[in-house]
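Peer 1: The listed protein sequences derive, respectively, from chains A and B. Just so you know, we're using the working numbering here: the first sequence kicks off at 1111 and counts up by one. Just so you know, we're using the working numbering here: the second sequence kicks off at 96 and counts up by one. Idealized CB from N, CA, C, for every residue including glycine. A quick note: this is a predicted structure, and the numbers were derived from the prediction, not measured.
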Amino acid sequence: MLALATLFPNVDWEDMWEATLETLYMTGISVSATFLLGLILGLLLFLTERGNLWQNKPIQLIIAGFVNIFRSIPFIILIILLVPFTTLLVGTMLGANAALPALIIGAAPFYARMVEIALREIDKGVIEAAKSMGATDAQIIYKVLLPESLPALISGITVTAIALISYIAMAGVVGAGGLGTLAYLDGFQRNQNDVTFVATVIILIIVFIIQWIGDFFTQKTDKR
Amino acid sequence: MITLKNIKKVFHTKDGVVNAVDGVNLTINKGEIFGVIGYSGAGKSTLIRMLNMLEKPTDGSVDINGESLTGFNNKELRIARQNIGMIFQHFNLLWSRTVRENISFPLEISGINKKERIRRVDELIDLVGLSGRGDSYPSQLSGGQKQRVGIARALANNPDVLLCDEATSALDPKTTDSILSLLVDINKKLGLTIVLITHEMHVIRKICNRVAVMEEGRVVEEGPVLEVFKTPKRTITQDFVKQVTEPEETEETIQHLIQKEGHSQIVKLTFVGGTAERPLISDLIRKFEVDVNILQGKISQTRDGAYGTLFIQIDGQPETVKEAIHHIQQQEVEVEVITNVGISNTVS
């Protein structure tokens, strides 16, 4: 402990721990919500495509438009654009919870496209086979589409989760809390480089762990 | 059992209107193996998909067991489909599921409880000869084994009808034969009606009772397999029959011999059923002053009897040769005197 104190004189480990928990909290909630919302949007994108179960051009265009727009807006601008919406929803524009709407709205379209690509990879013959057995649309979704694309869905959410961690750090600059805020306010603005350094290392560790977990489950579910 | 009345399927594509199936009428009897043969693009794939409404006919009606599938709503159709199994050229198994889980899939769809599912899956694994492979994933199986899983899966809900969409086209000849025997086996054991489409006459020859030949969306010839082998009417049918009865090099060999000239006659004999097994040639040599040279011959076994072709060269005095040919004609054997390959004079 003494060695750490001399190496990083300005680091308040209790603050650092709290910031890490905040970052993990934001990551946990935003990744879960992005997974759900992105999955639904991605499924809708896929199913309403030409030749698929719910072929429907108008709905396809609306969802694709929504996804494309929100995927294209730079995240830091999206936060600012969403301030009125966030204030309405959460009551404040500061703190971890206030960052969540922008995080989810920014990441879900990104993931939705990955879901769509994953679903397109499924052999159409398998869907046809399920239909020939008399499967309902719901059964095709739960028993064919999702299990057959699972490895790609997992690797997709891994990539998205890592993108979200960088979004969360960015959101930290405008007051979301977590390691981003700590690195910016205590590290950059007060010129304490050791704080920035430690915050960066912790973020890297989180990213590596997520990548490792993602790879593990992608491989475990892939029986091809 | 299955009745198709004037069914049509029209596709509107960028390049215009395509009449994939153009007014097909067929009746398929209960318990028979019915084959549809045609080249790719003939409309047979679309045709078989209209038997379970994976493709909705543009016009016409499909009746199975007296029920009109064409009039069904989605829910009725789903229930009807549980009674019609289907297997595919590329097997279409779920790679995320083991053999057991794949076979269990249609049972889950029809809402069978878990205990009953396990019992039924065990039964099916035995039936298709996959004992011990239940916990493998499809990626660990050979093509033939995958198709066995496909067959087990298609039979899970005890269907009355099995549709085979080019089920052996992705398999090597030996595996093809083992899958065909399995199909005959279950056809006998379960009294299942099988409808298959293929581009290989070999498949028709081996297992079908009746066959329909498709060309450009229409059925151009139809009948019992042996009948069609004996007297193929259309050129396309003759080509398909040749696939199994004449080795590829026949034409070249015969052409070569004709060009050599001489008094000899080259004759193609076609035997059907019992006549295929008679000692015609020794009979011929004994009765007439002729030399008989066997050029090429083949006997193929169909489900309802043997079918054989024999190319012989008869040499001797022109008069005697004529008499000899006349003698063969009286033996219920089809005779064709070949003067030029491609243009042959049927004497009978």
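(1) Do Ile1272 (chain A) and Gln1321 (chain A) have their C-beta atoms closer together than 8 Å?
(2) Starting from Arg1334 (chain A), find everything on chain B with Cβ-Cβ shorter than 9 Å and list it in chain order.
(3) Under a three-way DSSP split, which group does Asn512 (chain B) fall into?
(4) Comparing alpha-carbon positions, which option in A:Gly1148, A:Leu1292 and A:Ile1172 lies nearest Glu1159 (chain A)?
(5) Straight-line CA distance for Arg248 (chain B) to Asp280 (chain B)?
(6) Can at least three beta-carbon pairs, one atom from the stretch 1264-1280 of chain A and one from the stretch 1301-1320 of chain A, be found at a separation below 8 Å?
(7) Using a beta-carbon distance below 8 Å, is Ala1239 (chain A) in contact with chain B?
(8) Quick one: using the 10 Å Cβ neighbour count with 16 as the cut-off for buried, is Pro268 (chain B) buried or exposed?
(9) Using CA atoms only, rank isn't needed, just tell me which of A:Ser1140, A:Glu1124, A:Gly1285 and A:Leu1260 is closest to Asp1325 (chain A).
(10) Name, going along the chain, the residues of the stretch 196-210 of chain B whose beta-carbon falls closer than 8 Å to a beta-carbon of chain A.
(11) Indicate whether at least one CB of chain B lies closer than 8 Å to the CB of Glu1132 (chain A).
(12) Thinking C-alpha only, which one of B:Thr330, B:Glu311, B:Glu310 and B:Ile302 is nearest Pro319 (chain B)?
(13) So which of A:Lys1333, A:Asp1304 and A:Gln1329 has the shortest CA-CA distance to Trp1123 (chain A)?
(14) Sorted by chain position, which residues of the same chain lie with C-beta nearer than 6 Å to Ile1267 (chain A)'s C-beta, five sequence neighbours on each side aside?
(15) Specify the secondary structure class of Phe406 (chain B) as computed by DSSP and reduced to three states.
(16) Using the Cα positions of Ile1315 (chain A) and Ser199 (chain B), report the straight-line distance between them to the nearest angstrom.
(17) Near Ala1218 (chain A), which residues of its chain fall below 7 Å by C-beta distance, leaving aside the five closest residues on each side in sequence?
(18) Nearest chain B C-beta to Gln1249 (chain A) closer than 8 Å, yes or no?
(19) DSSP state of Thr397 (chain B), grouped into three classes?
(20) Touch check for the stretch 1232-1244 of chain A and the stretch 173-193 of chain B: three-plus C-beta pairs under 8 Å?
(21) Taking the alpha-carbon positions, what's the Ser264 (chain B) to Val298 (chain B) distance?
(22) Whole alpha helix (DSSP H) runs in the stretch 246-292 of chain B with 4 or more residues, listed along the chain?
(23) Are any of the Cβ atoms in chain B nearer than 8 Å to that of Thr1158 (chain A)?
(24) What's the call for Phe1195 (chain A), buried or exposed, on a 16-neighbour Cβ count within 10 Å?
(25) How would you list, in chain order, the residues of chain A whose beta-carbon sits under 7 Å from the beta-carbon of Leu149 (chain B)?
(26) Is Ser439 (chain B) helix, strand or coil by DSSP?
(27) In this structure, how does DSSP classify Asp1325 (chain A) when only helix, strand and coil are distinguished?
(28) Can you pull out the residues from the stretch 165-176 of chain B whose beta carbon lies closer than 8 Å to at least one beta carbon of chain A?
(29) Determine which residues share a DSSP beta bridge with Ala1174 (chain A) and list them.
(30) I'd like to know whether the C-beta of Ser140 (chain B) is nearer than 8 Å to at least one C-beta of chain A.
(31) Let me know the secondary structure DSSP gives Phe167 (chain B) once reduced to three states.
(32) Does the distance from the CB of Pro152 (chain B) to the CB of Lys103 (chain B) come in under 8 Å?
(33) In chain B, which residues lie with their C-beta within 8 Å of the C-beta of Pro1168 (chain A)?
(34) In the structure shown, what three-state DSSP assignment does Pro319 (chain B) receive?
(35) Is there at least one Cβ from chain B nearer than 8 Å to Val1254 (chain A)'s Cβ?
(36) Check each residue of the stretch 1220-1236 of chain A: if its Cβ is closer than 8 Å to any Cβ of chain B, include it; give the result in chain order.
Peer 2: Working from what's here:
(1) To locate residue 1272 (chain A), count along the first sequence from 1; it is residue 162. To locate residue 1321 (chain A), count along the first sequence from 1; it is residue 211. Cβ atoms of Ile1272 (chain A) and Gln1321 (chain A): closer than 8 Å.
(2) Along the first sequence, read from residue 1 onward, the residue named residue 1334 (chain A) stands at position 224. Those are Trp190, Ser191, Tyr232, Pro233 and Ser234, listed as they occur along chain B.
(3) Beyond the ends of chain B as shown, which are 96 and 443, falls residue 512 (chain B); an answer cannot be given.
(4) Counted from its first residue, the first sequence places residue 1159 (chain A) at position 49. Glu1159 (chain A) has its Cα closest to that of A:Ile1172, out of A:Gly1148, A:Leu1292 and A:Ile1172.
(5) As a first step, residue 248 (chain B) is located in the second sequence; it is residue number 153 there, counting from the start. As a first step, residue 280 (chain B) is located in the second sequence; it is residue number 185 there, counting from the start. Rounded to whole angstroms, Arg248 (chain B) to Asp280 (chain B) spans 16 Å at the Cα level.
(6) yes
(7) As a working mapping, residue 1239 (chain A) is identified with position 129 in the first sequence. Taking Cβ atoms only, chain B reaches closer than 8 Å to Ala1239 (chain A), which makes this a yes.
(8) Counted from its first residue, the second sequence places residue 268 (chain B) at position 173. Label assigned to Pro268 (chain B): exposed.
(9) Taking the first residue of the first sequence as position 1, residue 1325 (chain A) is located at position 215. Nearest C-alpha to Asp1325 (chain A): A:Leu1260.
(10) Phe200, Pro201, Glu203, Ile204 and Ser205
(11) Translated into the one-based positions of the first sequence, residue 1132 (chain A) becomes position 22. So, not an interface residue.
(12) Position 224 of the second sequence, counting from 1, holds the residue named residue 319 (chain B). Among B:Thr330, B:Glu311, B:Glu310 and B:Ile302, the Cα nearest to that of Pro319 (chain B) belongs to B:Ile302.
(13) As a working mapping, residue 1123 (chain A) is identified with position 13 in the first sequence. That would be A:Asp1304, whose Cα lies nearest to the Cα of Trp1123 (chain A).
(14) What you label residue 1267 (chain A) is simply residue 157 of the first sequence in a count that begins at 1. Excluding sequence neighbours, Ile1267 (chain A) sits near Phe1145.
(15) Here residue 406 (chain B) corresponds to residue number 311 of the second sequence, with the count starting at 1. Strand.
(16) The count along the first sequence starts at 1 and reaches residue 1315 (chain A) at position 205. The count along the second sequence starts at 1 and reaches residue 199 (chain B) at position 104. Approximately 43 Å, taken between the alpha carbons.
(17) Locating residue 1218 (chain A) in the first sequence gives position 108, counting from the first residue. These residues qualify, in order along the chain: Thr1144, Leu1147, Gly1148 and Leu1151.
(18) Numbered from its first residue, the first sequence carries residue 1249 (chain A) at position 139. At least one chain B Cβ lies under 8 Å of Gln1249 (chain A).
(19) Within the second sequence, numbered from 1, the residue matching residue 397 (chain B) stands at position 302. DSSP places Thr397 (chain B) in strand when its eight states are reduced to three.
(20) yes
(21) Residue mapping note: residue 264 (chain B) aligns to position 169 of the second sequence, counting from 1. Residue mapping note: residue 298 (chain B) aligns to position 203 of the second sequence, counting from 1. Rounded to the nearest angstrom, the two C-alpha atoms are 10 Å apart.
(22) 268-285
(23) Position 48 of the first sequence, counted from the first residue, corresponds to residue 1158 (chain A). By this cut-off, Thr1158 (chain A) is not an interface position.
(24) One-based indexing of the first sequence puts residue 1195 (chain A) at position 85. Exposed, since its Cβ has fewer than 16 Cβ neighbours within 10 Å.
(25) For this step, residue 149 (chain B) is matched to residue 54 along the second sequence. Within 7 Å Cβ-Cβ: Glu1238, Lys1241 and Ser1242.
(26) Position 344 of the second sequence, counted from the start, is the residue given in the question as residue 439 (chain B). Bear in mind that the predicted position of Ser439 (chain B) carries a pLDDT of just 44, short of 50, making it unreliable; the figure below should be weighed with that in mind. Correct three-state label for Ser439 (chain B): strand.
(27) As a working note, residue 1325 (chain A) is residue 215 in the first sequence. Asp1325 (chain A) falls in the helix class under three-state DSSP.
(28) Leu172, Arg173, Ile174, Ala175 and Arg176
(29) Sequence index remark: in the first sequence, residue 1174 (chain A) carries index 64 (1-based). Its beta-bridge partners do not exist; DSSP assigns none.
(30) Residue 140 (chain B) sits at position 45 when you count from the first residue of the second sequence. Not closer than 8 Å to any Cβ of chain A, the Cβ of Ser140 (chain B) fails to qualify, so no.
(31) Sequence index remark: in the second sequence, residue 167 (chain B) carries index 72 (1-based). Three-state DSSP puts Phe167 (chain B) in coil, outside helix and strand.
(32) What you label residue 152 (chain B) is simply residue 57 of the second sequence in a count that begins at 1. What you label residue 103 (chain B) is simply residue 8 of the second sequence in a count that begins at 1. It is a contact, given that the beta carbons lie within the stated cut-off.
(33) Along the first sequence, one-based indexing puts residue 1168 (chain A) at 58. Within chain B, no residue comes near Pro1168 (chain A); the closest Cβ sits about 20 Å away, beyond 8 Å.
(34) In the second sequence, residue 319 (chain B) corresponds to position 224, counting from 1. Pro319 (chain B): strand per DSSP, three-state reduction.
(35) Start at 1 with the first residue of the first sequence, and residue 1254 (chain A) comes out as number 144. Yes, Val1254 (chain A) lies at the interface with chain B (some Cβ there is under 8 Å from its Cβ).
(36) Asp1233, Gly1235 and Val1236
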